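Student:
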Amino acid sequence: MSIPAALEKFKKFLTQKGLRVTNQRLAIFDAALAQKEHFTAEQLLDYARAIDDSVSRATVYRTLPIMTESSLLREVDIGSGEKYYTPNQGGSTTQVAHVVCLDCDRIFESSAPVMEWYGSTFSSKLNLTPVSQRLQVSAHCTLFRQTGTCPRHG
Ligand SMILES: [Zn+2]
908 MSIPAALEKF KKFLTQKGLR VTNQRLAIFD AALAQKEHFT AEQLLDYARA
958 IDDSVSRATV YRTLPIMTES SLLREVDIGS GEKYYTPNQG GSTTQVAHVV
1008 CLDCDRIFES SAPVMEWYGS TFSSKLNLTP VSQRLQVSAH CTLFRQTGTC
1058 PRHG
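Dropping the structure here:
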């Protein structure tokens, strides 16, 4: 989905929820969709404040669920207690495999269509209907292996 199309979707969703399209929400939208890496709510707050310094933490936390509900963002739970978000490229979430660096929590994503086959084959053998599935691999990123530390460590 293009950025203008995503923006239209976002505005429509806000209107449906009875929420106003404010500069703060637009800054959050711009900041979120510009990210290439997975980010947390706190990181998004920083990014959005760089665009509009009047963005509040509360607005970020209220806007994130709207952006995931409207499929503009995908929520990624790597079991670290903190939720990560990433712009949704439109693919099926059941076919994404995550590889997470144990040291810096950096998340690498890979399309894994074989998972869907695996999930449905395994489920049908047990006469079950698959609802969701995920594959997560813990790893050390290249920098960690080479230098013993990651740029995002700590
Ligand atoms: Zn790392």
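For the sequence shown, this note's numbering begins at 908 and goes up steadily by one. All C-beta atoms, glycine included, are put in the ideal place defined by N, C-alpha and C. For clarity, every value in this text was computed on a predicted model and none was experimentally measured.
1) Report the rounded CA-to-CA distance for G1061 versus C1008, giving the unit in angstroms.
2) For the segment 968 to 979 against the segment 1010 to 1019, are there 3 or more C-beta pairs whose distance is under 8 Å?
3) Can you find at least 3 beta carbon pairs, one from the segment 1024 to 1040 and one from the segment 1052 to 1059, that sit closer than 8 Å?
4) Could you give the DSSP three-state label for I1014: helix, strand or coil?
5) What number of angstroms, rounded off, separates the C-alpha of Y992 from the C-alpha of R981?
6) Going by the DSSP bridge assignment, what does A1004 pair with across the sheet?
7) Going by beta carbon distance, what residues of the same chain come within less than 8 Å of P1058, once the five residues before and after it are set aside?
8) Tell me whether L980 sits in a helix, a strand or coil according to DSSP, three-state version.
9) Mind checking whether T947 and E915 have CB atoms under 8 Å apart?
Tutor: By the coordinates alone:
1) The residue you call residue 1061 lines up with position 154 of the sequence shown. The residue you call residue 1008 lines up with position 101 of the sequence shown. Caution applies to G1061, whose pLDDT of 48 falls short of 50 and renders its modelled position unreliable; the model cannot decide the point.
2) Output reads no: the segment 1010 to 1019 does not touch the segment 968 to 979.
3) Cβ pair count under 8 Å is below three, so no.
4) Taking the first residue of the sequence shown as position 1, residue 1014 is located at position 107. Residue state, collapsed to three classes: strand.
5) The count along the sequence shown starts at 1 and reaches residue 992 at position 85. The count along the sequence shown starts at 1 and reaches residue 981 at position 74. Taking the CA atoms as reference points, Y992 sits about 6 Å from R981.
6) Within the sequence shown, the letter at position 97 stands for residue 1004. S1017, L1042, per the DSSP bridge assignment.
7) As a first step, residue 1058 is located in the sequence shown; it is residue number 151 there, counting from the start. C1011, L1050, listed in sequence order.
8) Walking along the sequence shown from the start, residue 980 turns up at place 73. Looking at L980 - three-state DSSP - the assignment turns out to be strand.
9) Reading the sequence shown from its first residue, position 40 is the one you call residue 947. Reading the sequence shown from its first residue, position 8 is the one you call residue 915. The beta carbons of T947 and E915 sit no closer together than 8 Å.
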